[in-house]
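Undergrad:
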Amino acid sequence: MRTGEPLPAVGEVLTALATGLWHWDTATELVTVDAEAARLLGLPAERATLTEAQARARLHPVDWNEIISVVGLAVAEDTLAEVRIRIMDERGHVIRTVRSRSKPSYDADKKSFQLIGTLQEVTEPTPGTPAGRTAVTGDWRRSREAFLLDAGRALAEARSTAEVLRVAAGLSMPGFSPDGLAVFGVEGDRLTIIGHHGQQPGDESPFSHMSLETDYPAAEVVRTGRAVYLSSPEAYRSRYPVTWPLAQRFDRQSWAFLPLTVAGRTMGAWMAGFAYPVAFTPDERSVLTTVARMLAQALSRAGLAESERELTDGLQRSMLPTLGPEIPGMTVAARYVPTGGGLQVGGDWYDMIPLPGGTSRTKPGEGRFALVIGDVQGHDVRAAGLMGQLRIALRAYAAEGHRPDAVLSRASRFLNGMASGVDDPSDMRFATCLYVEADPVTGVLEVARAGHPDPAIRMTDGTVLARRTQGGLPLGIDPDADYPTTRITLEPGETLMLCTDGLIETGGHDFETGWKRIRTILESHDGDLEELADALIQAVHGPSSHHTTGPLADRREDDIAVLLLHRQGEGGDPAAVPPTVRRTMLSVAQAEPERVAVARQQLRELLHDWPSADQVDSAVLLLSETLTNVLVHTDADALLLAEVRGETGERRMRIEVTDTSDDLPHKRRPGELASSGRGLMLIELLADTWGVDPQGEGKSIWFELYESSGGGDE
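Now the structure itself:
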């Protein structure tokens, strides 16, 4: 063709270049091809109109899906859609690979796409070669899919913003990897730097708090929600001349700025900078866009999780108290571990309340206080809210000077009144609670219990007893419920443990197996009170707890609250604590004959390491006889005091039962068929020594057994 002659027709040029022309309208679902495009598709070399199904049958099914995604990306970014396509014959064999380039447009009224493009045969690159990296097919596609799967998994597992940024910094994209990353957020009308990688500390300063109206790529991305690709420094300089000097000093060759979009809202921008030129082909843009979407989702989840943790910490700080000032002669430790709800806030709580008057009932000048531990039903925000309100109510009732039983009665009425206003009966809540009024001078503890686990006592030699106490219904069930009070004495060197059921049952345990696990920790621990509290939590919630799972099928989790009270020796000196004395005390009322079984169980726990099982059985039998005699032959209540003294091998157990009746026991000679009258005969036969001591009002029957006379078990 000579200069000045008219240009040939476009069709002639395309035919000369072995390039076919095609048009696809998704509204009509028709694809029109010229003769060259038809030949490349394996059809007769003549102009034709195909249905989408006919055209799709000539393409590899994986590449058809690739076309759909690339077209959508090109429409969103207003760019060309370029993709390699494998053409197949009727038998499903690949006959050639073609490259398609098209300009898609979207009709919002018809909700359809229109594409006009070209087809040109290309040589399929050898998989694994540098040329193969830019192909849509071959190894590059498989490595890209593997990369996206790994990146998605890693970002999904990140639990904080710092973890998300660390994962993003470690991403190695197939065929191209950025050497610098930055994540921008938005506060009001300004950009912020959430995190960056590949730059020195302080390099982010010029980009922080930049106005969204600034002529800067990230600001434009946030404003428009569309990605910006800059393949060369010249492209950056010509498009953003004002902010080019800020980017110039990093000596990079290509940049990609992509929107971080969640639920249709642009929450920021992601910058990927490259030290070498990148063409940003549709395939590379597809990878970057996918990573940006996953990064936005991960940052959104991490931000939500951090907000929940901040809310949790605030609720815990506001609802869980400090343990107050130091108590003369006593030490207190507490732990709270929320493990149940999504917000990591539940209904468990503990409290320490100074009681009014500031004086002991027995010695002026020493302050009494109350320890409270409880559990509101549920592990959600409502449970946490009710817990806070109930805790305030308990403090108010205690501050008025009420006794433990009255405090719980009023608290039950308060919680029941709150639940009565609930429209949905299934949303009514109750709470268990244990209220202990302590006298630091005498060690006397007055306990009222509302459906809560009993307290436990760790004695000076490590013996652990679950102290059975009288109790009533959980708070909030019956507004007129009564809560009897049990009095126990915490001896010097002993430790009281109060806990919620989460400490016992977490890890698939029932109450029995869970208590055995806790008891083992209490008995074997050799440290101070804070170390004991940590050991209890680690036993059920730390890594070691996975080796002590319970018999239940699931590994249940629950909130955990623990409160420990230790009474020091005389003058606070641990050496002043008698190391070889253990004792327990229990009252048995006329109306509570079932507590005889409780007394027998406590005696067995007290004698858990006694070498002679026969002597233990004898002691339990004699205890049962003496208690039953009081309940049957008098109108008085019985008080049990069991004590073990001495060094191992020379110990002596003493069991004493006291009542207020003046009638002294005497021996009888029952007949063979008599059902009673053998109590004193058994005591005289089995005990090493025994006696009856009259008191000012009532009497005390006691007996002793000596370890040295037991001989141990054969």
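Last residue of the sequence shown: number 713 in numbering that gives the first Met the number 0, and the count goes up by one each step with no gaps.
The beta-carbon is built from N, C-alpha and C at its ideal position, and this holds for glycine as well.
Would the beta-carbon of G190 fall within 8 Å of that of V221?
TA: The amino acid at residue 190 is misidentified as Gly; the sequence shows Leu. Result yes, Cβ atoms of L190 and V221 sit closer than 8 Å.
Undergrad: Count the C-beta pairs between the stretch 296 to 306 and the stretch 146 to 165 that are closer than 8 Å, then say yes if the count reaches three, no if not.
TA: yes
Undergrad: For S707, which three-state DSSP category applies?
TA: helix
Undergrad: Count the other CB atoms within 10 Å of the CB of L684; is the residue buried (16 or more) or exposed (fewer)?
TA: Counting Cβ neighbours within 10 Å, L684 comes out exposed, since fewer than 16 surround it.
Undergrad: Can you tell me whether K698 is buried or exposed, with buried defined as 16 or more other CB within 10 angstroms of its CB?
TA: buried
Undergrad: Please classify R566: is it buried, with 16 or more other beta-carbons within 10 angstroms of its beta-carbon, or exposed?
TA: buried
Undergrad: Determine whether the beta carbon atoms of S285 and V32 lie at a separation below 8 Å.
TA: no
Undergrad: Measuring alpha carbon to alpha carbon, tell me which residue in A369, I559, E445, R457 is nearest G346.
TA: I559
Undergrad: Where V61 and H508 are concerned, what is the direct C-alpha to C-alpha distance, given to the nearest angstrom?
TA: 52 Å
Undergrad: Closer than 8 Å is the cut-off here; do at least three beta carbon pairs connect the stretch 450 to 464 with the stretch 408 to 419?
TA: no
Undergrad: Quick one: what's I352 bridged to in DSSP?
TA: A369
Undergrad: Give the list of continuous alpha helix (DSSP H) stretches no shorter than 4 residues that lie fully inside the stretch 202 to 287.
TA: 216 to 223, 232 to 238, 243 to 247
Undergrad: Within this structure, are the beta carbons of R269 and L245 separated by less than 8 Å?
TA: In the sequence as presented, Arg is not what sits at residue 269; that position holds Trp. No, these two residues do not count as a Cβ contact at 8 Å.
Undergrad: Straight-line CA distance for L257 to G450?
TA: Their backbone Cα atoms lie some 58 Å apart in a straight line.
Undergrad: Classify L16 as helix, strand or coil using the three-state DSSP reduction.
TA: coil
Undergrad: Tell me where the beta strand (DSSP E) around V595 begins and ends.
TA: From DSSP, V595 is part of no beta strand (DSSP E) but of the alpha helix (DSSP H) over 594 to 605.
Undergrad: Below 8 Å, how does it come out for the stretch 588 to 601 and the stretch 620 to 640: are there three or more Cβ pairs, yes or no?
TA: Contact between the stretch 588 to 601 and the stretch 620 to 640 is present: three or more C-beta pairs spanning the two stretches fall below 8 Å.
Undergrad: Can you grab the Cα-Cα spacing for the pair T48 / L72, in whole Å?
TA: 26 Å
Undergrad: Applying the 10 Å Cβ sphere with the 16-neighbour rule, what's the burial state of T431?
TA: buried
Undergrad: With a CB to CB cut of under 7 Å and the five nearest residues on each side skipped, what residues in its chain are close to P276?
TA: S230, S231, Q252, S253
Undergrad: Using the Cα positions of V30 and K102, report the straight-line distance between them to the nearest angstrom.
TA: So the alpha carbons of these two residues sit roughly 15 Å apart.
Undergrad: Could you check if E706 is buried or exposed, using at least 16 other CB atoms within 10 Å of its CB as the buried criterion?
TA: buried
Undergrad: Identify every residue that forms a DSSP beta bridge with S99.
TA: V82, L118
Undergrad: What three-state label does DSSP hand L535 in the structure shown?
TA: helix
Undergrad: Of all the options V74, T117, V121, which has the alpha carbon lying nearest to the alpha carbon of R95?
TA: V121
Undergrad: Given that a residue counts as buried once 16 or more other Cβ atoms are within 10 Å of its Cβ, and exposed if not, what is A155?
TA: Only exposed fits A155, as fewer than 16 other CB atoms lie within 10 angstroms of its CB.
Undergrad: What residues match up with G507 in a beta bridge as DSSP calls it?
TA: For G507, which the question treats as bridged, DSSP gives no partner whatsoever.
Undergrad: Give the secondary structure of H195 by DSSP, where H, G and I count as helix, E and B as strand, and everything else as coil.
TA: strand
Undergrad: Under 6 Å Cβ to Cβ from I193, same chain only, skipping five residues before and after it: list those, please.
TA: V182, G184
Undergrad: Going straight from the alpha carbon of D138 to that of W514, what length do you get?
TA: The pLDDT assigned to D138 is 48, lower than 50, so where the model puts this residue is not dependable, and the model offers no usable value.
Undergrad: Figure out for me which residue from I520, R402, A37 has the closest Cα to the Cα of Q537.
TA: I520
Undergrad: For P693, name the three-state secondary structure that DSSP assigns.
TA: Residue state, collapsed to three classes: strand.
Undergrad: Find out if the Cβ-Cβ distance for the pair A534, A332 is shorter than 8 Å.
TA: no
Undergrad: Taking the beta strand (DSSP E) that R165 belongs to, which residues open and close that run?
TA: Per DSSP, R165 is not a residue of any beta strand (DSSP E); the alpha helix (DSSP H) it occupies stretches across 160 to 168.
Undergrad: Judging by CA-CA distance, which residue of E212, A217, T213, G179 is the nearest neighbour of Q199?
TA: G179
Undergrad: Taking 6 Å as the limit between beta carbons, can you name the residues of its chain near Q469, skipping five residues before and five after?
TA: P483, T485
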